[in-house]
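These notes are about the structure you will find just below.
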Amino acid sequence: MIILITWFFFLHRILAEQSIVEEWSVNVKNSSISVTMEETKTIPFYVIVNSKNLDNLSFNYVSTSPEIATVTGVITSKNNNYWNGTINVTGIFLGTAKIKLQLVRNNNTEEKEVLSVTVMRYQGAIDKIFTASVGILVSILYINFGCAMDWDACKKTLRKPVGPAIGCFCQFFFMPLLSYGIGYCLFSDQPELQIGMFFTGISPSGGASNVWTVMLDGNLNLSVTMTTLCTILAFGFMPFWLFTLGKHIFDRGELRVPYDHVAMFAVGLIFPLLIGFCIQKKLPKVCKFMIKIIKPLSAIFIIFIVIFAIFTHLYLFQLFSWRIIVAGMGLPWLGFIFGMLVALIFKQSRQDIIAIAIETGIQNTGVAIFLLRLSLKSPADDLTTVLPVSSAIMTPIPLTILYLLKVIFNCRRKHQKVNNTSESFENSEIHAEPPTSVVQSN
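Under mature numbering (1 follows the signal peptide of the UniProt record, and there is no 0), the letters of the sequence shown match residues -16 to -1, 1 to 426, in that order.
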């Protein structure tokens, strides 16, 4: 008896839902629209209600994400069971929202999804300049890498391949998996941010790792060798991770995997490297100059990316939640720790441990930003940029603290050494005084 009653109840619900679907329908001129932030668009619609009872009937307009887009509406005319009206949609912030029309009748509410809204940011000349300048700086940096590649030092370092192998393993296996895990845990409901995190994790290490290795007394030759290998291997590993693990993120976000752009980007970076290599072989004087400027250029590149990205993307700070900050800290900081632990397990020297840890944690965020903006359409390109920017801001913090501690320790040790030297000098003078006094008394 209970089973029969339950079955009858569900059958009644199904028939009721079918009757609702047949009872009224909504027609909108465009089922999906794009608006920029603070822009309002008006969309006409009409409703047909197939019912004899049209009393006490009204309409409500609802946005599933009012923080992204708001909606108002008005009925402009009515003819029997036919209503004409307009929906006014205003973009608030980047993202997508669904607009629903609710039919309210006798305290019963029925709703239909009528419109998909994508809110984008107005992109002016400053945005094009930013994207172009990042592309140019990345190309110049890779030309410098081609000039600075010391193949003899690489060969010597590769005779003991444990250090470079650890660095490459951490860079191209641990960091992509770590970035995927962080993105999945912190942004499970935001595939765009998962993509930004993943693109940052699969990017190669940059010239900044060489600068920090020198500043923290690491093995520079090993650092340069790992940067060289990572730069070359990135042409294969970046597409590999994007087309395998990255595809799952794109599918979750209903985004198309940018196969053509990624392939073009990977091939495109080969040419700056080849140009640098040709300069090294054919123009040694120019090559020496390029090598001299690679370290300051890397520092300028990082500062430029951070400042210009913040200036042109001030809206990003609205996205800087605690999850964004944790993700920006987690990727590089855990990379430093993991690289250090693996190097310790394989009993590397102190200088090698420093180089491997730094090489693992530092990602080339400029490459990530450029590839994101090249591959994705608005608003996904803007939403995803926040993660590499956050990572670029958070990466130097522990390294700067370690450098300051190193400077303080060296100053204290130097001061202590001076004090010890002066004390020993005073002691030697005290021991030398008695014989002098005996001579004087004689």
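Glycine included, C-beta positions come from ideal geometry on N, C-alpha and C.
What whole-angstrom Cβ distance do residue i and residue j have, given they're in contact under 8 Å?
{"i": "Gly79", "j": "Pro363", "result": "6 Å"}
{"i": "Ala339", "j": "Asn203", "result": "4 Å"}
{"i": "Phe288", "j": "Leu121", "result": "7 Å"}
{"i": "Ile186", "j": "Phe221", "result": "7 Å"}
{"i": "Ser100", "j": "Ser16", "result": "4 Å"}
{"i": "Phe114", "j": "Phe292", "result": "6 Å"}
Would you call the CB atoms of residue i and residue j closer than 8 Å?
{"i": "Leu315", "j": "Ile166", "result": "yes"}
{"i": "Cys138", "j": "Thr20", "result": "no"}
{"i": "residue 427", "j": "Ile52", "result": "Lying before the first or after the last residue shown, residue 427 is absent from the chain, which here runs from -16 to 426."}
{"i": "Tyr45", "j": "Leu87", "result": "no"}
{"i": "Gly130", "j": "Ile277", "result": "no"}
{"i": "Cys152", "j": "Leu217", "result": "yes"}
{"i": "Leu170", "j": "Arg357", "result": "no"}
{"i": "Ser123", "j": "Pro280", "result": "no"}
{"i": "Leu298", "j": "Thr369", "result": "no"}
{"i": "Val33", "j": "Asn63", "result": "no"}
{"i": "Phe285", "j": "Leu142", "result": "no"}
{"i": "Ala81", "j": "Ser35", "result": "no"}
{"i": "Ile233", "j": "Phe182", "result": "yes"}
By Cβ distance, which residues of its chain are closer than 6 Å to residue i, with the 5 residues on each side in sequence left out?
{"i": "Leu367", "result": "Leu78, Glu176"}
{"i": "Gly312", "result": "Ser374, Ser375, Met378"}
{"i": "Gly345", "result": "Pro316, Gly319, Phe320"}
{"i": "Ala341", "result": "Phe320, Gly323, Met324"}
{"i": "Glu6", "result": "In this prediction, Glu6 has a pLDDT of 47, which is less than 50 and means its spatial position is unreliable; what the coordinates show is noted afterwards. Cβ within range, chain order: n/a, list empty."}
{"i": "residue 427", "result": "There is no way to answer for residue 427, as the model of the chain reaches only from -16 to 426."}
{"i": "Leu388", "result": "none"}
{"i": "Lys390", "result": "none"}
{"i": "Glu23", "result": "Gly75"}
{"i": "Ser49", "result": "Ala81"}
{"i": "Asn92", "result": "none"}
{"i": "Glu95", "result": "Lys84, Gln86"}
If I measure Cβ to Cβ from residue i and keep anything under 8 Å in the same chain, skipping five residues before and after, which residues do I get?
{"i": "Thr184", "result": "Ser163, Leu315, Gln347, Thr349, Ala352, Leu371, Pro372, Ser375"}
{"i": "Gln332", "result": "Val146, Gly147, Ile150, Ile340"}
{"i": "Val214", "result": "The identity of residue 214 in the sequence shown is Cys, whereas the question assumes Val. Taken in chain order, the residues that qualify are Gly151, Cys152, Gln155, Phe156, Pro188, Ser189, Glu343."}
Ignore the nearest five residues each way along the sequence and tell me which others in residue i's own chain have a CB closer than 7 Å to its CB.
{"i": "Trp67", "result": "Tyr30, Val31, Ile59"}
{"i": "Lys18", "result": "Note that residue 18 is Ser in the sequence shown, not Lys. So the qualifying residues of the chain are Thr102, Met104."}
{"i": "Asn14", "result": "Ile27"}
{"i": "Asn40", "result": "Arg89, Asn90"}
{"i": "Ser61", "result": "Asn68"}
Can you give the Cα-Cα distance for residue i and residue j, rounded to whole angstroms?
{"i": "Phe224", "j": "Phe322", "result": "22 Å"}
{"i": "Asn90", "j": "Arg236", "result": "39 Å"}
{"i": "Thr56", "j": "Thr102", "result": "17 Å"}
{"i": "Gln302", "j": "Val146", "result": "44 Å"}
{"i": "Leu206", "j": "Pro148", "result": "7 Å"}
{"i": "Ser172", "j": "Ile150", "result": "30 Å"}
{"i": "Asn11", "j": "Val98", "result": "8 Å"}
{"i": "Lys269", "j": "Val195", "result": "22 Å"}
{"i": "Ile263", "j": "Cys271", "result": "6 Å"}
{"i": "Ile179", "j": "Phe43", "result": "38 Å"}
{"i": "Asp336", "j": "Leu328", "result": "10 Å"}
{"i": "Ser117", "j": "Ser359", "result": "16 Å"}
{"i": "Ile110", "j": "Gln174", "result": "27 Å"}
{"i": "Arg396", "j": "Tyr168", "result": "45 Å"}
{"i": "Lys144", "j": "Lys112", "result": "45 Å"}
{"i": "Arg334", "j": "Val326", "result": "13 Å"}
{"i": "Asp136", "j": "Ser305", "result": "47 Å"}
{"i": "Ser193", "j": "Met159", "result": "15 Å"}
{"i": "Thr209", "j": "Lys401", "result": "36 Å"}
{"i": "Lys398", "j": "Phe330", "result": "33 Å"}
{"i": "residue 435", "j": "Ile309", "result": "Only positions -16 to 426 of the chain appear in this structure, which leaves residue 435 out of reach."}
{"i": "Asn37", "j": "Thr54", "result": "31 Å"}
{"i": "Lys265", "j": "Tyr106", "result": "46 Å"}
{"i": "Lys361", "j": "Gly119", "result": "17 Å"}
{"i": "Phe219", "j": "Ile392", "result": "41 Å"}
{"i": "Asp365", "j": "Lys140", "result": "42 Å"}
{"i": "Ile275", "j": "Lys231", "result": "38 Å"}
{"i": "Leu267", "j": "Leu161", "result": "41 Å"}
For chain D, find out if any of its Cβ atoms is closer than 8 Å to the Cβ of residue i; answer yes or no.
{"i": "Val31", "result": "Among the chains in the structure shown there is no chain D, since it carries only a single protein chain."}
Any chance the region 64 to 75 sits against the region 25 to 40, with 3 or more Cβ pairs inside 8 Å? yes
Do the region 383 to 392 and the region 187 to 206 touch if we need at least three Cβ pairs shorter than 8 Å? yes
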